[in-house]
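Protein chains in written order, with our numbering: chain B, 3 to 357; chain E, 3 to 357; chain Y, 2 to 285; chain L, -9 to 217; chain Z, -9 to 217. Ideal Cβ placement from N, Cα and C applies to all residues, glycine included. Presented below is the structure to which this report refers.
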Amino acid sequence: MHFHVEVRNLCKDYPGKRALIDVSFGVERGEIFALIGPNGAGKTTLLRILDLLDEPSSGTVLFRGAEVDYSIKDRKDLRRGIGMVFQRTVLFNMSTFDNVAYGLKVRGMSEREIREGVKAALELVRLQGFEGRNALALSGGEAQRVALAQALAIEPELLLLDEPTANLDPRNASIIEEVLSRVNREGKTTIIMSTHNVFQAENLAHRIALLNEGKIERIGAFQDIFERPHRFLSEFARLENVFSGFSKATPEGTSIIDVGNGLHIEAAFERSGSVIVHIPPEDIILSTRPIVSSARNTLEGLVVQISDLGSIVKLKVRSNRDFTAQITKRSFNDMKIGLNSKVFLAFKASSVKMI
Amino acid sequence: MHFHVEVRNLCKDYPGKRALIDVSFGVERGEIFALIGPNGAGKTTLLRILDLLDEPSSGTVLFRGAEVDYSIKDRKDLRRGIGMVFQRTVLFNMSTFDNVAYGLKVRGMSEREIREGVKAALELVRLQGFEGRNALALSGGEAQRVALAQALAIEPELLLLDEPTANLDPRNASIIEEVLSRVNREGKTTIIMSTHNVFQAENLAHRIALLNEGKIERIGAFQDIFERPHRFLSEFARLENVFSGFSKATPEGTSIIDVGNGLHIEAAFERSGSVIVHIPPEDIILSTRPIVSSARNTLEGLVVQISDLGSIVKLKVRSNRDFTAQITKRSFNDMKIGLNSKVFLAFKASSVKMI
Amino acid sequence: QQFLLKPVVMLATTTSTYDSGLLDYLMPKFETKHDTRVRIISAGTGQAMEIAQRGDCDLVLVHCRDLELGFVNGGHGIRRIGIMYNDFVIIGPMSDPAGIRGSSNATEAFAKIARGGGRGDAIFISRADKSGTHMLELSIWKRLGMDPSNKSWASWYLAAGAGMGAVLRMANEKGAYALTDRGTWLSFKSQLANMAVLVQGDKILLNPYAIILVNPERHPHRNYNGAIALAKFMISEEGQGLIANFTKGGERPFMPIARNLELAEALGFPNQRDELSWYDARPQ
Amino acid sequence: MESPFIEEVLSITLLSLRVSGLAVLIGALAGVPIGTILGFKRFRGKRTLMRLMDVALRSFVNTLMGLPPVVVGLVVYLLLSSSGPLGPLRLLYTPTAMILTQLIMVTPIIIGVTMSAVGGVEESIREKALSLGASNWQATWMVLREARMGLLTAIIVAFGAAISEVGGIMMAGGNIRWFTRTLTTAIVTEVELGNFALAISLGIILLTMAFAINLLLTIMQLRGVRG
Amino acid sequence: MESPFIEEVLSITLLSLRVSGLAVLIGALAGVPIGTILGFKRFRGKRTLMRLMDVALRSFVNTLMGLPPVVVGLVVYLLLSSSGPLGPLRLLYTPTAMILTQLIMVTPIIIGVTMSAVGGVEESIREKALSLGASNWQATWMVLREARMGLLTAIIVAFGAAISEVGGIMMAGGNIRWFTRTLTTAIVTEVELGNFALAISLGIILLTMAFAINLLLTIMQLRGVRG
Ligand SMILES: Nc1ncnc2c1ncn2[C@@H]1O[C@H](COP(=O)(O)OP(=O)(O)OP(=O)(O)O)[C@@H](O)[C@H]1O
Ligand SMILES: Nc1ncnc2c1ncn2[C@@H]1O[C@H](COP(=O)(O)OP(=O)(O)OP(=O)(O)O)[C@@H](O)[C@H]1O
Ligand SMILES: [Mg+2]
Ligand SMILES: [Mg+2]
């Protein structure tokens, strides 16, 4: 048995930019595989190569174990099993119906099959009744859902999704996620998707690849990747405790940063002017009693949210501004913290990182 | 004192579609005002009218108390104080530097001012070093940040943002949110933004307007809107407990839906075929002991997340599939539930809603 | 559709001949009589000869002695026969700055124009297109030993490279002298308010037209018999009578000469008698 | 005006229409595909030699847009003349020769304008079609659909050039009355005769006819506009 | 060939270039703005009357692209002739008259092709510029910048039409040797003389010159391509 889609030593060079560097991975048939990584990591580049729109600079792509020959001019036959939703929505200047019907038409389906296929696809993305609307006069989210319907209508065995829910409202995003998960469950459709939404990756994907600066940093199940600290977390995931403000150097070689709302943070660097800083949640010390320590920053607040991440627990604490602290499950249990518990926070000036 | 921006009885009709219906609100100077609402609610339409790109069908817009005359052909003078980031990123076919410089150039700034302005703006969006890159060869998120830099560079007194972080990775999204909050804090810049990200609205906005089908449903601070149950919550917010699967009608007039992972849900409707269903979190009964009741669906699971929403608490329970249940703070306290507590869930067949 | 089946005779002629309207008046009569179609190509004189030389027509009707003789001597054409003549006149502005009015000596008039031109008083417009008109003009300059292509003349001798009508209009605009055939002059007279005929009647201003058949040995595919038939019609008593009776603007621009042997020989057709009897001997 | 005159004007008008119409039709059938191929930016960013060739080819096409009608007419004449290579076809001084002449002039115009129209369509349209499983042909068709407005401009410009052209069809067609005389050659003849009023009347007929056709094409063209 | 011949060909070539170049230049100065205004889709979706007027106006412009040169030449002649309204200017049979004639022919072509090029630029470019504080002029300029390729096609098509045109400049300029004779009128003269080889040589000179100019324009044009 071979992978459904396999990529070996893939590189892609743009003039003046290496977008993919030696990328290798395999995706099983019926798997949902999420690419996550910061802007410019190479997600779109990779998906476009898998959709045979761009050619790799070197390396190979295999579908069902067979190497893709990118020198073939008309790649239609290979591509017929693949559906893609672009990051930047592109629709044709025709009615919504005709847009969704296009993929079926080029496959030579009958009028009746087309009508039924379009109807089913538009129902999946909850756009019944939009058939007659010109696709260029839709709202951002409506248009993105039409693009999804286009890809779903052709019932591909491989679905490539580049940020498929970026423009959707939460309700529709949930619906689409569930639709994708069913298409995968029932149709054994392999899905490779890029997303910036870590929750989406967690909910949907069987495995996740972390892409950074064109390289794959890690591959594995969500828990393996996110539940133990990793450099990548701070590289990609939502930064918590980001504050920007005006910094003033002190005579002692540190700086006091006014981050608004009456809060001043002391940092170990010496800088005057406008800065953005970040305090890693794992650097924040939490206590149920006032803290007396060498830490230069101490605060008092209320716990407003508790999230269990397996061995660690994340707490959102409301003080002058909101802080997120991260502690082990064990100390969480020891401290007996609950919602609305009053807690004290402390962090060292050297934990305040400029970004 | 008058509002910085005020909208009175605004209507906008597209051929065959009423996009805005009698919308009225005022935004104070220095306020951050978020528009949230489902796809097609009219957010983009409203922002475009405020940016003087489209004319309202009826109603008036007032800036600093003075009515905007949309019949004026050249609205440049009015628009000079406004910056806008479009939902669909548009950049000019020039270098990143020239793109960001454009707004400054048309204001007749000196070479030096332009160079400094562009540098500062690109730093804010963390795109130092991108000056020479052609803007059309950027990744989705890079492009969106250039668009943000364009709007920030002109230092507007009113900033209109249409989904400004849709394509950003979480880290950059946090940075941008912090930048926006500072620009607002320090420059007294009024910000009107649309977002699908409820957390973003919560973090950033002073007030939120819920837009639905062209009408304003509610206006107020985040707490006022989201912390007590409201029809809008189910209309807009992320739908939890959405399942899709194959439904089979039973002889008793109900249906059994196979939602995958070995889970079967009984619903009160009679329907055969593929369906998407939703169980409102507030309809789920939670107990620490096995439930014996008339509810047709009962499950057992572990609490993996607890969120405090003021008077109510939301719990994520992991069973065959993940469920979210919502209970009052009082019963939460009574039941003494903590992370990893074992709980039992029950919901009636009639709580299973088809969507 | 029907006429496509009829035999076709291709006649190449000069633009000025065609523009006189004579052919549109004559040809329908020939066509009904012989149940043939005549297709007329009107072009510059040189171009018409070139067309004939390449075998793209059956016969030519032209008025330029040197080119005609060259054509026949080169073996491209046969049976050159004089058909008719018209006459040239020198026209000029009413004010007549060169003082040529009333003279009947074209050569002398040209000399006066050249002198006037040298002083800056007079302008002469030449067709400069090697048409029959232009060739005649050149032969007159040649008699005077003058060379109009001399660039120092450019200030007053305008080589216009245009049709007769265009040259007349130009002369009218510029108050210039020009040599023109009477037919075109008659057509345009009403539009040329400032112009008058100043010199006419000189023998050298007579302008004879010839018909030449394309050599059937060179171009066997051509409609040789049709060409002979058309030529015979033109020189027949009937044809000559029709030419004589053709009027334009109340005047008769063309005089038949085919059967006026004396005049024909004087106008440059030494073999007119032989050609006439050759044609007359052909069966109808 | 007597009826034979009207009859003649009618037949002349119809011939003009037939010659220019067919020339543009055939020119479009040949020129749109070529223009489309040249319009795609496939040589861009590739090897320098390819790019040089691309520029040379485009300049060549652009140059051919300025082919002088007389020269084209002359070349067609020399080709079709009895002593020319295609003499045996006996096409000289026929409407076919005129169509051929205008075809030569009109095709580069169609290629050139199509090239620019196709080049203006965002690459993403083609990619989207390909991604949905279209063959290269089908994707190209979609690009042409989006470039409709420009394509119709190509047709309109070409038709304008053809219907107003005179030097070429004069050479190749001979301006033979009742047979190869068109509105423009008739206008030239009338101008030579000094019948300016008649010439201008014929010009107005020509423009009226062109207007009717353009009205049709313009309505088709505007349908193609986005939004 | 003797040197006076070369001298004459040179002067003829330069005149061709000057006349057509100036006609296209002035035509572009007038035509690009008009084409831009017509290219914006501002009448669309508005009242029916407006749309009808829009279609009529566009058809009118499109029709003018097919103005027969002889008719234009004739009209210019009638205007400039001493008995015409502009007679006192004494411009007939001067290069100025030729420029005027070609200008009349070339401007509609520039308007028409510009119209379609501008119509092909996404509205969002203009909106983006406006949103960044550009005046209507500056935003329009940005649209033209994005439509560069189409604009240059407009110029190229117009230049091709002008440089190859003959009937109009013959009427208005008179084809006077050393003064108003251009390459195309010289070609016509040579054709009429039966000097076909010389005519074709002149044609080749014309096309070589046009190629050089087009090479330049094409390089500029390709710079404007997206991506
Ligand atoms: N045509 C191109 N020419 C040059 N560089 C390019 C081109 N396309 C993309 N790049 C660069 O390659 C890198 C990877 O781009 P890509 O679009 O794959 O990123 P991405 O992971 O999809 O990012 P995002 O999250 O912002 O969508 C980026 O730095 C981008 O600027
Ligand atoms: N030009 C147009 N013609 C007709 N209908 C339009 C046009 N533009 C927008 N609409 C419709 O108006 C409604 C509001 O559109 P709008 O773009 O304002 O929605 P939105 O709130 O921004 O949605 P999204 O979250 O999807 O971006 C939608 O139903 C849309 O289809
Ligand atoms: Mg991307
Ligand atoms: Mg929107």
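Under 9 Å, Cβ to Cβ, is there at least one residue of chain B near A148/L?
So no, A148/L is outside the interface.
Could you give the distance in angstroms between the alpha-carbon of L241/E and the alpha-carbon of R332/E?
So the alpha carbons of these two residues sit roughly 24 Å apart.
In chain order, what are the residue ranges of uninterrupted alpha helix (DSSP H) at least 4 long that sit wholly in the stretch 63 to 113 of chain Y?
Qualifying alpha helix (DSSP H) stretches, in chain order: 66 to 74.
Using a Cβ-Cβ cut-off of 9 Å, state whether R223/Y counts as contacting chain L.
Yes, R223/Y counts as interfacial toward chain L.
State the DSSP-derived secondary structure class of N136/B, mapped to helix, strand or coil.
Reduced to three states, the DSSP call for N136/B is strand.
Taking 9 Å as the threshold (beta carbon to beta carbon), is Q211/Z in contact with chain E?
By this cut-off, Q211/Z is not an interface position.
Beta-carbon within less than 7 Å of N204/Z's beta-carbon, same chain only, minus the 5 sequence neighbours each way: which residues are those?
Result list for N204/Z: I146, in chain order.
Using a threshold of 8 Å, is the CB atom of Q1/E nearer than that to any non-hydrogen atom of ligand 2?
No statement about residue 1/E is possible, as the shown extent of chain E runs from 3 to 357 and does not include it.
Cα-Cα, which of F325/B, V127/B, A251/B and A153/B is closest to E144/B?
Checking every option, the nearest Cα to that of E144/B belongs to V127/B.
Please report how far the alpha carbon of R2/B lies from the alpha carbon of D56/B, in whole angstroms.
In the structure as shown, chain B begins at 3 and stops at 357. Residue 2/B is therefore absent and cannot be evaluated.
Would L82/Z pass as an interface residue toward chain L - the criterion being a Cβ-Cβ separation below 9 Å?
For L82/Z, the answer is no, since every Cβ of chain L falls outside 9 Å of its Cβ.
Take M28/Y and list the residues in its own chain whose beta-carbon comes closer than 6 Å to its own, dropping the five residues that flank it on each side.
Answer for M28/Y: V39, listed in chain order.
Taking F30/L as the query, report the chain Y residues whose CB atoms sit under 7 Å from its CB, ordered along the chain.
Here the premise fails: no neighbours, minimum Cβ distance about 44 Å.
To the nearest angstrom, how far is it from the Cα of F33/L to the Cα of R135/E?
Unreliable positioning characterises F33/L in this predicted model, as indicated by a pLDDT of 49, which lies under 50. A coordinate reading is not provided.
What ranges does the alpha helix (DSSP H) occupy inside the stretch 92 to 116 of chain B, keeping only unbroken runs of at least 4 residues that lie completely in it?
Within the stretch 92 to 116 of chain B, the complete alpha helix (DSSP H) runs of at least 4 residues are 98 to 107.
In the DSSP assignment, find the alpha helix (DSSP H) that holds E204/E and state where it starts and stops.
Residues V200 to L206.
When a residue counts only if its C-beta is closer than 5 Å to some heavy atom of ligand 2, which residues count, in chain order?
Those residues, listed in chain order, are A139/B, L140/B, S141/B, G142/B, G143/B, Y16/E, K19/E, A21/E, N41/E, G42/E, A43/E, G44/E, K45/E, T46/E and T47/E.
Consider the Cβ of M232/Z: report whether some Cβ of chain Y lies at a distance smaller than 9 Å.
Shown here, chain Z extends from -9 to 217; a query on residue 232/Z therefore has no answer.
Hey, is I2/L's beta-carbon within less than 9 Å of any beta-carbon in chain C?
Here the protein chains are B, E, Y, L and Z, and chain C is not one of them.
Does the pairing of the stretch 180 to 200 of chain E with the stretch 165 to 172 of chain B give three or more beta-carbon distances under 8 Å?
Taking 8 Å as the limit for Cβ pairs, the verdict is that the stretch 165 to 172 of chain B does touch the stretch 180 to 200 of chain E.
Would you call H4/E buried or exposed, if buried means 16 or more other Cβ atoms sit within 10 Å of its Cβ?
So H4/E counts as exposed.
Using the beta-carbon of each residue, which ones in chain B are nearer than 8 Å to I115/L?
Going along chain B in sequence order, the residues near I115/L (Cβ under 8 Å) are V92 and F94.
Check the Cβ-Cβ distances between K331/E and every residue of chain B, and say whether any is below 9 Å.
For K331/E, the answer is yes, since a Cβ of chain B falls inside 9 Å of its Cβ.
Grab me the residues of L81/Z's own chain with a C-beta within less than 8 Å of its C-beta, minus the 5 sequence neighbours each way, in chain order.
Closer than 8 Å at the Cβ level, and outside the excluded window around L81/Z, lie L70, A87 and L90.
Have a look at A160/Y, K233/Y and A177/Y and flag the residue whose alpha-carbon is nearest the alpha-carbon of M160/Z.
Ranking A160/Y, K233/Y and A177/Y by Cα distance to M160/Z puts A160/Y first.
At which residues does the beta strand (DSSP E) containing M196/Y begin and terminate?
Here the beta strand (DSSP E) through M196/Y covers M196 to V200.
Can you tell me whether N169/B sits near ligand 4, meaning its C-beta is under 8 Å from at least one heavy atom of the ligand?
Yes, the beta carbon of N169/B sits closer than 8 Å to at least one heavy atom of ligand 4.
Smallest Cα separation from S26/E: which of E33/E, N186/E, Q130/E and L64/E?
The shortest Cα separation from S26/E among E33/E, N186/E, Q130/E and L64/E belongs to L64/E.
Under the criterion of a Cβ to heavy atom distance below 8 Å, does S196/B qualify as lining ligand 1?
True, at least one ligand heavy atom lies under 8 Å from that Cβ.
Taking 8 Å as the cut-off, does the CB of R135/E come closer than this to any heavy atom belonging to ligand 1?
Yes, the beta carbon of R135/E sits closer than 8 Å to at least one heavy atom of ligand 1.
I'd like the ranges of any alpha helix (DSSP H) spanning at least 4 consecutive residues and lying wholly in the stretch 19 to 102 of chain L.
As far as the stretch 19 to 102 of chain L is concerned, its whole alpha helix (DSSP H) runs of at least 4 residues are 38 to 54 and 59 to 70.
Cα separation between R147/B and R117/E?
Each residue's Cα considered, the two are about 41 Å apart.
Kindly list, in the order they appear in chain Y, the residues whose Cβ is closer than 7 Å to that of M160/Z.
A163, listed in chain order.
Quick check on T198/Z: buried or exposed, where buried means 16 or more other Cβ atoms within 10 Å of its Cβ?
Counting Cβ neighbours within 10 Å, T198/Z comes out exposed, since fewer than 16 surround it.
Give me the Cβ distance between R323/E and V306/E, rounded to the nearest whole Å; I'm assuming they're in contact under 8 Å.
About 12 Å; that fails the 8 Å criterion.
Quick one: does R117/B have its CB under 9 Å from some CB of chain E?
Not closer than 9 Å to any Cβ of chain E, the Cβ of R117/B fails to qualify, so no.
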